[in-house]
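With full-length UniProt numbering, the residue at position 71 of the sequence shown is 71, and numbering never jumps.
Just so you know, even glycine gets a beta-carbon here, dropped at the ideal spot from N, CA and C.
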Amino acid sequence: MTEQLSDSYDFRAIQDRWLPVWDELRPFEVGSEETGRPRKYVLDMFPYPSGDLHMGHAEAFCFGDVLARYWRGRGYDVLHPIGWDSFGLPAENAAIKRGVDPREWTYANIDQQKSSFRLYAPSFDWSRVLHTSDPEYYRWNQWLFLKMYEKGLAYRKASWVNWDPEDQTVLANEQVLPDGTSERSGAMVVKKKLTQWYFRITDYADRLLDDLDALEDTWPSKVLNMQRNWIGRSRGAEVEFEIEGRDARVPVFTTRPDTLHGATFMVVAPDSDLAAELAAGASEEVRAQFQSYLEQAQQQSEIERQSADREKTGVFLDHFAVNPVNGERIPVWAADYVLADYGHGAIMAVPAHDQRDLDFARKYDLPVRVVLDVRDADGETLPDPAESGIALTGDGTLVNSGELDGLSKTDAIGRAIEVLEGRGTGRASTTYRLRDWLISRQRYWGTPIPILHGADGSMRPVAETELPVELPPSAGLDLKPKGTSPLGGATKWATVTDPATGETLSRDPDTMDTFVDSSWYYLRFLAANDGTQAFDPEQAKQWGPIDQYAGGVEHAILHLLYSRFITKVLHDLGYLDFEEPFTALLNQGMVLLDGAKMSKSKGNLVEFASELRDHGADALRVTLAFAGPPEDDIDWADVSVQGSAKFLARAWRIARDVAEAGEGDSASHDGSSGDVALRRHTHRLLADAPGLVEAYKFNVVVARLMEQVNVTRKAIDGATGSADPAVRESAEAIAMILSLFAPYAAEDMWAMLGHEPTVALAVWPEPDPALLVEDEITLVVQVDGKVRDRLTLPASVSEADAEAAARASESVQRALEGREVVKFIVRVPKIISIASKPA
């Protein structure tokens, strides 16, 4: 390399030079053999092939790659694989719009993204690529389903579900946005009663919640809080109410059993089975009113139904319940502010102490009984809610509550539960916001559910030896969303004859939610080319759990919660020796333009492909890393790709200058060879960089590299010269650390410095402790809060000598002229602070 050095930094020539070399060397492939080195599993959330890579991908995969390259530089074997989350609605909808097979559209996009990835140069192990839409992958989705089915964790039931009227498919609760719209199509989600497949994630609610505590220091607190809130554990009591004319009691969950004496009516969700049952036993007039009300409620989103500002509506169901603590008859109403999937779909209404119940009671002239003596800050009793219209929601002393009178909230809750348990009408209970994971979808492009249905309604799992149940070709099928799965129209595929009995069976027509695919894909990378098992438990033991996961915060609930659940299931089945899949999590921010989210339709799009073409992968990656902390949003209008390119050129020229000066050897580590000041600077960088990278302070590392380049350039251009061993040592350190962000430039520098490729596998040298000890310090001297001087003194300087030096400073003396020193504070090695007043 040193005989034919380039005159200038040319990123295109450098990319063309090294891409084929890396293709031949395949430096990032990880075998199964034991090397004796420690291991790290670094994983990026795999992309969806919706088109070419975009700037969000550029940011996410830049940060993940920095971490993978870093751990290699620290002497680890690093597994850093890539795959595609290639099933799902977007591909199917795009294929329908274009009149093509979803496979054709999906795999063409994968090929395009692979090409862009190759040029962007993330350090992937390309020997382990997977696509979730390959039968070789989704076979193991079906295997996982069967294991869940055997364990009783996969089940089918009829229930009210979230229905996306545009995509004509059901959604899990987690796929409905806070505004009540579908996170897929944006349509307002409605309720529809269907028979669907579920995973029993609620069986794991406590573990999913409690195990978050172990992730406190390694996951973003925002994500932990989002999961805690979504699981939503509430402790209270399950109270059993009798309903006149009905044999079975109705269980009602409440967090405030102490207020039972204030329950003056009961409310049931109109879309609950209980409401339908009670309405059926009511008068013809009530049945008609209820049916009309139910149809109205089904057209409302859960968000609308629970809005505090919305006028309360309901229908009296012509039934009465019995309050279990005082025997009082209370009317039963259907009202849409109660949801069918909260508790048991029924609540005890305590209008004096709940605003929604109070609004309802005032509208329908129902009793309001105060059972808590709630007072204001001055100790005055607050107005009666029946008159003021404002519920008493604070804590207070129990009143009008029989044996609970005079007790505080905490004591009254405990005593109320004792009373209920003693009478056999209730018990302590815990409920959750979390609902079981609805996994079936009425669409084509997904994993077929491996269940066969008999004409008598029986169900039987497909034998594992018959997996995969492959999707039939889409040709001849109507893929347009219509509320039922297109697979139902694949008659030949859907009809199966039982060879043992001759019975005609039907395949389940639904496909699995694509979050099933991504819930365990990190394990499939351990055996991506193994057709005999989903993953190797021994490899999982050696590599798992993931040491570093990187991706968008938009997956804080959906993907991450599901993956945690499946990991715990596989642990319980004996396949894994860990229960949490991702030890550390990095969430990147968004890439914006002029303060707004990029959008092609809005014309504010920065194209990844054009940035890559115009500036090169290195400059793009350095820009993203330098823009700020990874979790912060980046506004592309505020960054300078050209500035990054100039920095890379300066770094590259240092290696060229060293190469032109001759081979030489790296400086020895005893501090006796070469420019000592430069060596100190180099070894301080080597000492600080690991901690900065591990704290995700990539922008600070880039800033430190820029500083190192500037210091080294001054040494080259000054008395030191490029032949000094200290300059070579600095150039090598720059190349190794720069390879985290700019693999092409770093590789070219490494080669010019006389090393074999690849710099990505070079282990960083340890800093020399002797070079980290400073001989001198710089003390800032302030007079009355203003900096007046900076004193360079020996590192061993005493406080007395430092004070003497400050008093001798001409700048300090001028600042103190005509003034009297009031206070003289010396803080070696940082600051001297002098306070004065007029003499």
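Whether residue i touches residue j by CB criterion (9 Å)
i	j	result
Val78	Arg39	yes
Asp510	Ser474	no
Asp395	Leu452	no
Thr430	Arg235	yes
Glu392	Leu398	Reading off the sequence shown, one finds Leu at residue 392, where the question assumed Glu. Taking 9 Å as the Cβ cut-off, Leu392 and Leu398 do not qualify as a contacting pair.
Ser401	Asp258	yes
Tyr444	Leu420	no
Tyr198	Leu570	no
Val606	Val622	no
Ile566	Tyr432	no
Pro324	Glu240	yes
Pro829	Ile777	yes
Asp614	Val641	yes
Asp354	Val370	no
Gly83	Arg524	yes
Arg118	Leu19	yes
Cβ-based neighbour list, residue i, same chain, cut-off 6 Å, excluding 5 preceding and 5 following
i	result
Leu278	Leu317, His319
Glu29	Asp125, Ser127
Phe61	Asp44, Pro122
Lys837	Glu820, Val822
Ala649	Tyr9
Ala815	Val783, Arg788
Ala349	Phe265, Val267, Asp357
Ala13	none
Thr381	Arg375
Supposed contact pair residue j and residue i - C-beta distance, whole angstroms, cut 8 Å
i	j	result
Pro461	Trp493	No, Pro461 and Trp493 are not in contact; Cβ-Cβ is about 18 Å, not under 8 Å.
Asp16	Ala609	Between Ala609 and Asp16 the Cβ distance is about 17 Å, and since that is not below 8 Å, they are no contact.
Glu803	Val826	5 Å
Pro351	Ala340	Not really, about 22 Å apart at Cβ, beyond 8 Å.
Asp768	His681	So it is not a contact: roughly 12 Å between Cβ atoms.
Tyr562	Leu585	That pair is no contact at about 15 Å.
Val322	Glu242	4 Å
Ser547	Tyr41	In the sequence as displayed, the identity of residue 547 is Asp instead of Ser. Asp547 to Tyr41, Cβ: 5 Å. Contact.
Ala617	Ala645	So it is not a contact: roughly 11 Å between Cβ atoms.
Arg233	Ala205	7 Å
Phe647	Val709	7 Å
N-terminal and C-terminal residue of the beta strand (DSSP E) that residue i is part of
i	result
Ile654	Premise fails: Ile654 lies in the alpha helix (DSSP H), 641 to 661, not in any beta strand (DSSP E).
Glu240	234 to 243
Trp197	190 to 199
Ile777	776 to 783
Thr169	169 to 171
Leu585	585 to 588
Asn162	154 to 164
Tyr76	Premise fails: Tyr76 is in no beta strand (DSSP E) and is neither H nor E.
Gln548	548 to 552
Ala506	Note that residue 506 corresponds to Ser in the displayed sequence, not to Ala. Residues 504 to 507.
Residue range of the unbroken alpha helix (DSSP H) whose run includes residue i
i	result
Trp493	491 to 494
Thr567	558 to 572
Glu59	55 to 73
residue 885	Only positions 1 to 839 of the chain appear in the structure, and residue 885 is not among them; the question remains open.
Arg435	Neither: Arg435 is in no alpha helix (DSSP H) and is coded neither H nor E.
Glu92	89 to 98
Val286	284 to 298
Ile449	Segment: none, Ile449 is in no alpha helix (DSSP H) and carries neither H nor E.
Residue-chain proximity (residue i, chain B), Cβ-Cβ < 9 Å
i	result
Trp163	This model lacks chain B altogether, as it is built from one protein chain only.
Cβ-based neighbour list, residue i, same chain, cut-off 8 Å, excluding 5 preceding and 5 following
i	result
Ser666	Bear in mind that a pLDDT of 47 at Ser666, under 50, signals an unreliable position, so the number given afterwards is only what the model happens to contain. Only Pro725, Arg728, Glu729, Glu732 meet the Cβ criterion.
Ala687	Pro767, Leu772
Cut-off 7 Å between Cβ atoms - residues of its own chain near residue i, not counting five sequence neighbours on either side
i	result
Asp65	Pro122, Ser123
Leu294	Pro270, Asp271
Ala490	Pro472, Leu477
- Should the stretch 623 to 637 be regarded as contacting the stretch 69 to 76, the criterion being three or more beta carbon pairs within less than 8 Å? Too few Cβ pairs lie closer than 8 Å, so no.
| request: Answer yes if the stretch 269 to 278 comes into contact with the stretch 140 to 150, meaning at least three C-beta pairs across the two stretches below 8 Å, and no otherwise. | output: no
Is it true that the stretch 726 to 745 meets the stretch 680 to 699, where meeting means three or more beta-carbon pairs spaced less than 8 Å apart? By the Cβ rule, the stretch 726 to 745 counts as touching the stretch 680 to 699, because three or more pairs are nearer than 8 Å.
Does the stretch 642 to 662 touch the stretch 744 to 755, meaning 3 or more C-beta pairs lie closer than 8 Å? yes
Three or more C-beta pairs closer than 8 Å, one from the stretch 374 to 381 and one from the stretch 295 to 307: is that the case here?
no
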